[in-house]
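One structure is given below, encoded as structure tokens.
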Amino acid sequence: MVEFITPTKPNSVNNLNYNSPSECILGAIDIGTNSIHMVVVKIDTSLPSFFIIAKEKDTVRLGDRDPKTGNLTQEAMARSLAALSRCKDLAASLNVDKLIAVATSATRESPNGEAFLAEIAAKLGIKVDLISGQEEARRIYLGVLSGMEFKNEPHVIIDIGGGSTELILGDGKEARYLSSTKVGAVRLAKKFITSDPISEKEYIAISAYVRGMLERAVDGIWQNLEIHETPRLVGTSGTIETLAIVHALTTQGSEPNPLSGYQVSRTDLERVVKRLVKLTYKERADFPGISDKRAEIIVPGAIILLEAMKMLKLDSITICERALREGVIVDWMLSQGYIENRLRYQGEVRKRNIYKIARKYSVDLEYAERVAKFALDIFAQTKGILHDWGDSERELLEAAAILHNCGLYINHSAHHKHSYYL
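Letter 356 of the sequence shown, counting from 1, is numbered 521 in my numbering, and no numbers are missing.
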């Protein structure tokens with residue numbers, strides 16, 4: 166049976182950890198302006214970490230609000246209720262222990278947003294937490310940190326949604342700056358675009374509007390950077406992921422797998438956008454890597470990204486597939502005491518991933534850790550004599566030592582070869 170809850174406030178770590186189960190299946194739903202997303206994860210409390218076991222997405226266009234009243238329309242709410250019902254059924258089929266739901270831009274800005282959340286609770290039994298733009302940005306930061314190592318270096322995170330764009334500055338510790346601006350792909354499409362393909366006049370108008378809207382957030386980023394610092398740009402959300410996929414398909418002929426870590430230069434992005442703006446909606450929908458629904462809003466979303474990169478004076482972007490949903494999960498793990506030290510958790514992404522792989526392939530961890538200790542001791546004792554390697558090479562050696570026998574999961578015969586490709 167699924168228990169539907171909203172995130173709770175942090176409680177005593179000691180009280181919660183004493184009898185905690187070793188595993189918990191958790192679902193997180195993000196009710197956005199453009200889409201409703203759900204991710205289902207298995208939390209291994211002993212690491213602590215989580216494994217994604219299922220994803221669900223429905224494009225509901227909740228941001229298609231009544232132009233006169235600003236209310237969510239009956240049609241958009243009906244689409245959203247149907248999507249949430251499917252999420253609930255999937256959660257039940259996967260034996261989810263807890264389901265957390267959050268709503269963002271479209272719902273918080275609509276006069277009937279809270280009434281809609283009450284309807285969700287009454288009809289589906291799902292309690293939804295209506296979060297502010299700042300809180301949305303904070304959880305996006307947590308989500309990205311759960312999948313990327315920042316190594317104490319400054320990173321700017323940009324998340325382009327249907328109704329808002331979040332810009333975040335952080336270095337793996339506390340976020341230095343969080344912002345949420347009311348400029349999103351769906352919002353811009355409705356406000357500016359009337360021709361197909363987009364006209365030059367509309368393109369110029371959107372670009373100018375985006376620059377004006379993002380000015381305060383970009384200033385906040387600059388004010389929180391040291392003079393000598395040049396941040397790395399990380400992008401999340403469907404718009405940015407789609408642009409990266411289009412770039413990969415047109416330059417390499419295949420979609421990156423995984424998409425996280427894929428990089429696109431601003432010059433290449435400009436080429437992609439220049440091509441897309443010349444296409445009609447139908448031509449964009451037929452373009453490899455772009456879905457029918459994404460084709461409607463990809464151009465205004467791309468303009469937001471380009472203008473942000475220009476204003477931030479950053480020449481490339483790295484993709485991260487983790488964002489708000491994963492941040493909701495990390496935030497819940499913190500509130501339940503599964504993560505005792507958030508800064509330490511954020512700094513050990515690579516180590517947790519190594520142990521996740523080891524668990525997946527039933528590695529004898531006691532033996533593997535003993536081998537790793539011996540290998541690292543030899544590394545330290547021979548440094549300056551046989552090698553001059555640093556921390557990066559040390560980390561690779563530790564990972565190799567822990568995972569060197571994972572091929573036994575496939576077969577004892579030639580297990581070292583199985584370990585190599587695993």
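Beta carbons: idealized from backbone N, C-alpha and C, even for Gly.
Treat the numbers as computed from the prediction; the structure is a model and nothing was measured.
Query, Result
"Any contact of the stretch 482–490 with the stretch 306–313, i.e. 3+ C-beta pairs under 8 Å?", "yes"
"From which residue to which residue does the alpha helix (DSSP H) around M313 run?", "Unbroken run through M313: none, as it is neither H nor E."
"So what does DSSP say about T224, is it helix, strand or coil?", "strand"
"Is the stretch 286–297 touching the stretch 231–249, taking contact as three or more C-beta pairs under 8 Å?", "yes"
"Counting C-beta neighbours from all protein chains within 10 Å, is the total for P465 16 or more, i.e. buried, or is it exposed?", "buried"
"Evaluate contact between the stretch 521–529 and the stretch 337–347, counting only Cβ atoms and requiring at least three cross-stretch pairs below 8 Å.", "no"
"For I468, which option in I371, S430, P396 and K263 has the closest C-alpha, if you only look at C-alpha atoms?", "I371"
"Less than 8 Å between the beta carbons of G192 and A287, yes or no?", "no"
"Which class does S297 belong to by DSSP, given the choice of helix, strand or coil?", "coil"
"If you follow the alpha helix (DSSP H) that G377 is part of, which residue opens it and which one closes it?", "E365 to Q388"
"In chain order, which continuous runs of the alpha helix (DSSP H) of length 4 or greater are located wholly inside the stretch 472–508?", "489–500"
"In chain order, what residues of the same chain have a beta carbon less than 6 Å from the beta carbon of I482, not counting five sequence neighbours either side?", "L398, G400 and V429"
"Considering only C-alpha positions, which residue in the set I543, T198 and E188 is nearest to T210?", "E188"
"H581 to N570, Cα distance in whole Å?", "7 Å"
"Please list, in chain order, all residues of the same chain as F281 whose beta carbon is under 6 Å from its beta carbon, the five residues on each side excluded.", "L237 and M242"
"With DSSP as the reference, please indicate the residues paired to Q428 in a beta bridge.", "T483"
"Taking Cβ positions, are R304 and D496 nearer each other than 8 Å?", "yes"
"Do R431 and D480 have their C-beta atoms closer together than 8 Å?", "yes"
"If you draw a straight line from the alpha carbon of G228 to that of S270, how long is it in whole angstroms?", "8 Å"
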